[in-house]
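The structure appears below as structure tokens.
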Amino acid sequence: MVFKVAFTQQETEQLYLTYRRNPKNYNEIKKRLFGEGAKIEFRRNLKGRIYFMAALTGVAIASSFFSIFAEHWGSLGAIWIIWAGFMIGLGVAMYISYKDAFIVIKKNEAFFASFEQIALNANTLEDFIIDWNQKEKAVTHPAL
């Protein structure tokens, strides 16, 4: 699952300190939220859904053989109608999940780009807090 970045003020300050004092840990955090870690997690989730769809198809095929040998033609049609409904539902869910995860990853990427730009220009934590708060004020009140 891909998580949207929602740091509190204190967590943002701690992230700044991590950025300055321990770049390795900062890169690990960044990687988990929008880098390879997030993409791997998303792919793993997608593979699980595809395996479920394949298993469901296998069950439908096995059930179809039983219906064919027993000459239950109504059951055969019902099996494939139910299968089609599940596949359409799972396909829609996969598309929505992909779209949502992609948007979240892009928002996380934009957050870190903005964060790094401000953190790079700040020499102290106090400078960073002032610059970060000004950015927040500009985003929430663009006319001010």
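Here the sequence shown stands for residues 1299 to 1442, numbered as in the numbering used here. We put the beta carbon where it would ideally sit given N, CA and C, even for glycine.
Residue i in three-state terms, based on DSSP
{"i": "residue 1420", "result": "coil"}
{"i": "residue 1304", "result": "coil"}
{"i": "residue 1442", "result": "Below a pLDDT of 50, predicted positions are generally treated as unreliable, and residue 1442, at 49, falls in that range; the measurement from the model is reported next regardless. The answer is coil: DSSP assigns residue 1442 none of H, G, I, E or B."}
Residue i, buried or exposed, once every other Cβ within 10 Å from all chains shown has been counted against 16
{"i": "residue 1418", "result": "exposed"}
{"i": "residue 1402", "result": "buried"}
{"i": "residue 1295", "result": "Since the displayed the chain opens at 1299 and closes at 1442, residue 1295 lies outside it and no answer follows."}
{"i": "residue 1421", "result": "exposed"}
{"i": "residue 1312", "result": "exposed"}
{"i": "residue 1399", "result": "buried"}
{"i": "residue 1413", "result": "buried"}
{"i": "residue 1416", "result": "buried"}
Span of the alpha helix (DSSP H) around residue i
{"i": "residue 1316", "result": "1307–1319"}
Supposed close pair residue i, residue j - CB separation, criterion 8 Å
{"i": "residue 1423", "j": "residue 1392", "result": "Contact flag wrong, Cβ pair sits at about 43 Å."}
{"i": "residue 1374", "j": "residue 1362", "result": "6 Å"}
{"i": "residue 1327", "j": "residue 1310", "result": "The pair is not a contact, with the Cβ atoms about 12 Å apart (cut-off 8 Å)."}
{"i": "residue 1379", "j": "residue 1358", "result": "With 8 Å as the limit, residue 1379 and residue 1358 do not qualify as a contact, their Cβ atoms being about 10 Å apart."}
{"i": "residue 1314", "j": "residue 1426", "result": "5 Å"}
- Message: Could you tell me which whole alpha helix (DSSP H) segments of length 4 or greater appear in the region 1365–1431?
- Response: 1371–1419
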